[in-house]
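Residue numbers (the numbering used here), protein chains in the order written: chain A, 3 to 195; chain B, 544 to 1040.
Note that CB positions come from ideal geometry on N, CA and C, so glycine has one too.
Everything on this sheet refers to the single structure shown next.
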C-alpha cells in the first residue's frame, strides 16, 4: 500500500547494449566489456566492487582514479562526441574468481529485452549451473551465456564443488515450510471440528 | 523458471477456488457473506489484516522505494503501525461491540442519520474504485514484465478470479484465502532475503557497494517533513480504512480484534524488514534498473531460485488479489446493504441482498478495469492520493466520532465533505509539493475536517442518547433502555457473537 510520487527512475540516459566476454583460468579471469550508451553528459562513471581475496587490475583504458575506497574501483570515462558512445573496459580479476565484479555505468538500461549479453569460457562442462547469476545456459561448444534486460553488478561463476546448490536447497526449504504449515493448519482445524 | 511459475500459479489458483467453493456451501445469510458469521479467530484475523494491508503498493511500490531511496522510506511504517494502534484502542473495540456489517452502518447509527449513510457509502465507492484502478494497473504491469502478456488479459484474469471467489464465499472465503496469501508472502520474502544476501556477496560487500553508489541510501533520502506527511497519509487512513474495519466485524469478539491487530503488526514487521532488505540487495545486483517499480519482478524472475521466485511472484499477485477482494466486499456491501437494502428495497430477502452484492461486485470490478487500461497515472501516486482522501474524509468522523459524544450528524457531514474538498483543492491547486511550504494535502484535509466537525457539532443539537448507547459505556449505564435509533445494525442483524 505504501508508495510515493517521486521520480521513478534512477537516471534518465540509457544503456543501449552491453557485451561482456569472460575467460576463466586458474585463479584468474580476464573480462572484456563493451558498452554502447547514450550518456547525458560528457563523462560516464563506471563502478565495480571486488570481494576480499580478490584484486582487479584494469588494463585498458588508462584511468585516473582506480580503487577509490577499499574494494571499490571507479572509472570516469570521457565521452568522445555527442550522441551514441562506445566504451570498452578490459581487466583481470586475480584470486577468487567465483564472483566476478562487472563495471556498472551510471545510466539505466534501455527498453530492449536482451540488452546485456554475457559469455563465459573456461568453465568445466560438468559443472552444474544451478547457482549461477545471472541465469546461464551452456551452448554446444561449452560456452556459458546469459542474456538479461538489465546490467548486473557481478557474475557468479558456478562451482563444481557445489553439486546440490543453494538455490535447490532454498526451493526445498520453501516447499517444506509451506507444506508443513498447511498440514499443521488443516490438522488443527480437523481437530477442532 | 517459466514452467515452474506456471505450475505454482495453477496449484495456487486451484487451492483458492477450492476454498471459495467450500465457503460458498457454508454461506447462507448476509451476515455469513459480509462477516463470515463472526467466526474468525485472532491468528487468521491477524494474517487477514496484514494481507489486506499489504498490496501491490508494498511488494512493488515500497520495495521499489527502498531500491531507490534506501532505509529512510522504512520510517513510514511507523506511521502505518501508529494507525493500527489508534484503530486497536480507539476504533476497533467499539465498532466490533456495535456489531454492524459495514462502515456506513456505523456512521448512520452513531449520528442517527440515514443521509450520512448515503454520503459515506458514496465516498467509499468512489475512493475505493480509484484504489482498484491502481491495483488493476499494477497487475497489468507485473503480468507484462513477467509473463509478457497483454495487460488487459492480466486484468481480466484478475477480475474474473477475484470476483468469483469474492462472489462465492464473501468474507469467509476471502478470510481464509487472505490467511494463505499472508503466509505465502511472509515465507517467500523471508526465504528470499538470505538468498539475495548470499548472491550479493554478504553484508559487508553489499554495504560498501551501496554506500559507494549513493550515500543517501543509508541516510535521509526523504526529509523528515516528507516522511511525516507520508506517515500521516498512511497512518490516518489505516486507522479508519473501511476495508480494514470491515474485517473486524468478521472476528469473534473485541478481544479477538485487538489480538488480531497485534498479530497483524507482527506480520507487517517481518514483511516490512524483508522488503527493505530485498530492495537494497536488488540494488546491489542490478544497480540501475530502468524503473524502480520493476525491482521486485526482476529480482523474483531473474535472481531467486525457480520455486521461491515463483512464490514471490504469486505473493505479489496474491497481494493485489486480496486488496481487490477486500475493496470489492466493501464497495459491493455499500451498494447492496447500505443503498439497495435501505433505500431501494427495504426488507429485501437475505438471498436477494447476497445476489445484489454479487452483481455489484462484478460491475464495480469492471468499471475500474476500463479506467486502468487508459493508464491515467502512475500506480504509486494513485495509491498515495487515495490514502490522503480516505484520511481526510473518514478519520475525524470515525475516530473522534467514536470517542466524543458531542459530535453530531451535521458535524460529521461537514467534516466528511469539508475534509474531502480541502484535500482535493490543495492537490488540484498544486499545493501538494514540499518545495514552498512543506504542508501536505492530508494535513490540510484532516485539520479542516477536525475544525468543521467540532465547530458544526457545537452549533447543532446533540445526538439522542439512545443512538450513542452502543458506543459509550457510561451512556449505556445512564440510559439502559432498548436502542431505537436509526440503523443500529443490531435490530435487523442480531447481537454480535
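9 Å Cβ cut-off: residues of chain A touching residue 1062(B) | Summary: the structure shown does not reach residue 1062(B), with chain B confined to residues 544 through 1040, and so no result is reported for it.
By a C-beta neighbour count over all protein chains shown, 10 Å radius and 16 as the cutoff for buried, is residue 549(B) buried or exposed?
-> The C-beta of residue 549(B) has fewer than 16 other C-beta atoms within 10 Å across all chains shown, which makes the residue exposed.
Below 9 Å between beta carbons is the criterion; list the residues of the segment 170-182 of chain A that meet it against any residue of chain B, in chain order.
-> Near chain B, meaning a CB-to-CB distance below 9 Å, the residues of the segment 170-182 of chain A are 170, 171, 172, 173, 174, 175, 176, 177, 179, 180.
For the candidate residues 598(B), 624(B), 948(B), 751(B), whose alpha-carbon lies nearest to that of residue 1013(B)?
-> The shortest Cα separation from residue 1013(B) among 598(B), 624(B), 948(B), 751(B) belongs to 948(B).
In chain order, what residues of the segment 669-688 of chain B put their CB closer than 7 Å to some CB of chain A?
-> Taking 7 Å as the Cβ-Cβ cut-off against chain A, none of the residues of the segment 669-688 of chain B qualify.
Show which residues of chain A have a CB atom less than 9 Å away from the CB atom of residue 755(B).
-> 49, 51, 70, 71, 73, 74, 76, listed in chain order.
Label residue 71(A) either buried or exposed according to how many other C-beta atoms from any shown protein chain fall within 10 Å of its C-beta, with 16 as the threshold for buried.
-> Looking at its Cβ environment, which holds fewer than 16 other Cβ atoms inside 10 Å, residue 71(A) is exposed.
DSSP-derived helix/strand/coil call for residue 48(A) | Residue state, collapsed to three classes: strand.
Out of 79(A), 62(A), 105(A), 74(A), point me to the one whose CA is closest to residue 1(A)'s CA.
-> This structure cannot speak to residue 1(A), because chain A is shown only from 3 to 195.
From residue 1019(B) to residue 629(B), what distance separates their C-alpha atoms?
-> Caution is warranted here: a pLDDT of 48 is assigned to residue 1019(B), below 50, making its placement in the model unreliable, and the coordinate value is therefore given only provisionally. Rounded to whole angstroms, residue 1019(B) to residue 629(B) spans 23 Å at the Cα level.
Determine the direct distance from the alpha carbon of residue 852(B) to that of residue 120(A), and round the result to whole angstroms.
-> Approximately 22 Å, taken between the alpha carbons.
Counted within 10 angstroms of its Cβ, other Cβ atoms place residue 28(A) as buried (16 or more) or exposed = Under a 10 Å Cβ-count criterion, residue 28(A) is classified as exposed, with fewer than 16 other Cβ atoms of the shown protein chains found around its own Cβ.
In angstroms, rounded to a whole number, what distance separates the CA positions of residue 134(A) and residue 110(A)?
-> Computed Cα separation, rounded: 23 Å.
Other residues of its chain near residue 45(A): CB distance less than 8 Å, five sequence neighbours each side excluded | In its chain, beyond the 5 residues on either side, 78, 79, 80, 81 have a beta carbon closer than 8 Å to the beta carbon of residue 45(A).
Which partner residues does residue 20(A) have in the DSSP bridge list?
-> Listed as beta-bridge partners of residue 20(A) by DSSP are 37(A), 118(A).
Buried versus exposed, by CB contacts within 10 Å (16 or more), residue 64(A) = Burial call: exposed.
Candidates 804(B), 939(B), 826(B), 955(B), of which the one nearest residue 584(B) by Cα = The residue with the shortest Cα to Cα distance from residue 584(B) is 804(B).
Do you know offhand how far residue 557(B)'s Cα is from residue 546(B)'s?
-> Each residue's alpha carbon lies about 17 Å from the other.
Would residue 1034(B) be called buried (16 or more neighbouring beta carbons within 10 Å of its own) or exposed?
-> The predicted model places residue 1034(B) with a pLDDT of 30, which falls under 50 and marks its position as unreliable; any figure quoted below should be read in that light. The Cβ neighbour count for residue 1034(B), taken over all protein chains shown within 10 Å, is under 16; the residue is labelled exposed.
In chain order, what residues of the same chain have a beta carbon less than 8 Å from the beta carbon of residue 144(A), not counting five sequence neighbours either side?
-> Apart from sequence neighbours up to five positions away, the residues of its chain that approach residue 144(A) with a beta-carbon distance below 8 Å are 123, 125, 127, ordered along the chain.
Three-state class that DSSP yields for residue 498(B) in the structure shown | Beyond the ends of chain B as shown, which are 544 and 1040, falls residue 498(B); an answer cannot be given.
For residue 958(B), the first and last residue of its enclosing alpha helix (DSSP H) | 952-971 is the extent of the alpha helix (DSSP H) around residue 958(B).
What residues in its chain sit with their C-beta under 6 Å from that of residue 763(B), if we drop five residues either side in the sequence?
-> The beta carbon of residue 763(B) sits closer than 6 Å to those of 615, all from its chain and outside the five residues before and after it, given in chain order.
In chain B, what lies closer than 7 Å to residue 129(A) by C-beta?
-> Here the premise fails: no neighbours, minimum Cβ distance about 17 Å.
Within the segment 711-778 of chain B, ranges of the alpha helix (DSSP H) (whole runs, at least 4 residues) | List check, alpha helix (DSSP H) in window: 745-756.
Residue 605(B) to residue 864(B), Cα distance in whole Å?
-> The alpha-carbon atoms of residue 605(B) and residue 864(B) are separated by roughly 17 Å.
Where does residue 110(A) sit, in a helix, a strand or coil, going by DSSP?
-> In this structure, DSSP gives residue 110(A) an extended state, which the three-state scheme calls strand.
Three-state secondary structure (DSSP) at residue 583(B)?
-> Strand, per DSSP.
Any C-beta of chain A under 8 Å from that of residue 831(B) = Closer than 8 Å to some Cβ of chain A, the Cβ of residue 831(B) qualifies, so yes.
In chain order, each alpha helix (DSSP H) run of at least 4 residues that lies wholly inside the segment 640-677 of chain B = Contiguous alpha helix (DSSP H) elements confined to the segment 640-677 of chain B occur at 646-653, taking only those with 4 or more residues.
Give the DSSP-derived three-state secondary structure of residue 125(A) in the structure shown.
-> Here residue 125(A) sits in coil by DSSP.
In the structure shown, what three-state DSSP assignment does residue 794(B) receive?
-> Note: residue 794(B) maps to strand in three-state DSSP.
Cut-off 8 Å between Cβ atoms - residues of its own chain near residue 740(B), not counting five sequence neighbours on either side | The residues are 746, 749, 820, 824.
For the segment 139-188 of chain A, which segments carrying the alpha helix (DSSP H) assignment without a break, of at least 4 residues, lie completely within its bounds, in sequence order?
-> The DSSP assignment places no complete alpha helix (DSSP H) segment of no fewer than 4 residues inside the segment 139-188 of chain A.
Do we get a CB-CB distance below 8 Å when we pair residue 1(A) with the residues of chain B?
-> Nothing in the structure corresponds to residue 1(A), since chain A is present only between 3 and 195.
Given that residue 585(B) touches chain A, what residues does it touch there, using C-beta distances under 9 Å?
-> By Cβ distance, chain A contributes nothing, its closest Cβ being about 13 Å from residue 585(B), past 9 Å.
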